[in-house]
Amino acid sequence: MGGHSHWSTIKRQKGASDAKRGAVFTKLSREITVAAREGGGDPAMNPRLRLAVEKAREGNMPMDTIKRAIERGSGAGDGGPALEEITFEGYGPGGVAILVQTLTDNRNRTVSELRMALNRNGGTLGESGSVAWQFDNKGLITLEAGGNDPEELALQAIDAGADDVQVDGSLIEVHTAATDLDKVRKQLEGSGYQIAGAELAMLPKNTVLLDDKAAGQALRLLDLIEDLDDVQKVYSNADFPEAALMEYASA
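The sequence shown stops at residue 251 when you use the working numbering, and every number in between is there.
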């Protein structure tokens with residue numbers, strides 16, 4: 001399983017206890033608003049909105065807040081600030097590629113904050129197209145095997161239409177075509193499996209294994225970027241040594 005996935009999983013586990021809930025809700029609300037703006041306010045007819053709402057509910061966002069975010073996007077309520085989707089590209093410690101998806105009402109502020117985070121932590125901001133070619137837009141489903149046989153679960157995921165399945169102990173990562181994410185998720189749920197997460201993600205075609213020092217620097221940088229207000233998602237092609245991840249998880 002890729003280092004990015006390990007980092008994301010640890011980040012979620014840590015976030016359950018120490019994330020600033022208000023900041024998390026802001027990011028979730030922005031995604032719901034833009035999803036509704038782009039594809040309409042009915043989750044049943046808008047896969048992106050459906051995923052955003054499900055993620056918000058998993059994060060215990062109140063239904064009234066979700067409803068207001070949908071209304072803002074669909075034009076039924078106060079539109080709020082105009083949000084622009086911008087993807088930034090750059091490099092981190094060890095030369096790893098970094099892809100940053102943002103939703104912002106002030107492009108200059110976002111660029112300034114991102115450049116500062118990169119420059120101060122061994123990274124650089126790149127030109128458009130400099131690293132995006134190293135990633136594929138995929139559906140990403142994560143599951144805990146629980147009492148199920150991980151290999152059997154993997155076979156069922158392939159039968160459901162998954163492109164690839166990676167097993168790491170009790171954690172299973174299912175990759176799908178972006179258009180097949182919802183179908184595969186529903187089929188796995190229908191088979192009784194507990195879905196830990198389902199999202200569209202930019203997955204690296206190949207990874208770069210970092211040494212312990214560069215791994216620690218990269219982990220801190222990715223955290224700093226992800227915590228910026230305008231940042232929605234961060235991806236990298238870093239592959240982290242297990243020792244570095246364990247040290248990060250215990251910090």
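Yeah, the Cβ is synthetic: ideal placement off N, Cα and C, and Gly gets one too. Note that the structure is a prediction, hence the values are computed from the model and not measured.
- Straight-line measurement puts the Cα of M45 at about 20 Å from the Cα of T176.
- Nearest neighbour of L99 by Cα position, chosen from G197, G39 and G123, turns out to be G123.
- Taking the Cα positions, E173 is about 34 Å away from D105.
- The distance from the Cβ of A162 to that of V208 is about 25 Å, inconsistent with a contact at the 8 Å cut-off.
- At a Cβ-Cβ threshold of 9 Å, V167 and G139 do not count as neighbours.
- A contact is defined here as three or more CB-CB pairs under 8 Å, and the stretch 89-99 fails this definition with respect to the stretch 53-72.
- A distance of 9 Å or more separates the beta carbons of D212 and A178.
- Straight across, the Cα-Cα distance linking E247 with E71 is about 43 Å.
- Look at the stretch 75-143 and you find these whole runs of alpha helix (DSSP H), each 4 residues long or longer: 107-119.
- Counting only the Cα atoms, N121 lies some 35 Å from I66.
- With contacts defined as CB atoms closer than 9 Å, L221 and L118 qualify as a contacting pair.
- Nearest to D223 by C-alpha distance, out of T26, A201 and A251, is A251.
- Looking only at L245, S130, A249 and L228, the smallest Cα-Cα distance to V24 is reached by L228.
- Counting only residues of its own chain and dropping the five nearest sequence neighbours on each side, N206 has a CB closer than 8 Å to the CB of Q134 and N237.
- With respect to A82, A36 sits apart: the two C-beta atoms are not nearer than 9 Å.
- Counting only the Cα atoms, A249 lies some 13 Å from A215.
- Judged by DSSP secondary structure, G197 falls outside any alpha helix (DSSP H) and instead within the beta strand (DSSP E) spanning I195 to P204.
- Counting along the chain, L51 sits inside the alpha helix (DSSP H) bounded by residues P47 to E58.
- Collapsing the DSSP output to three states places A249 in a helix.
- In this structure R48 is not in contact with G40, their Cβ atoms being roughly 10 Å apart against a cut-off of 8 Å.
- For T33, same chain residues with a beta-carbon under 8 Å away, outside a window of 5 residues either side, are A69, I70, R72, G73, G80 and L83 in chain order.
- Counted as a single uninterrupted DSSP element, the beta strand (DSSP E) harbouring D164 occupies residues D164 to D168.
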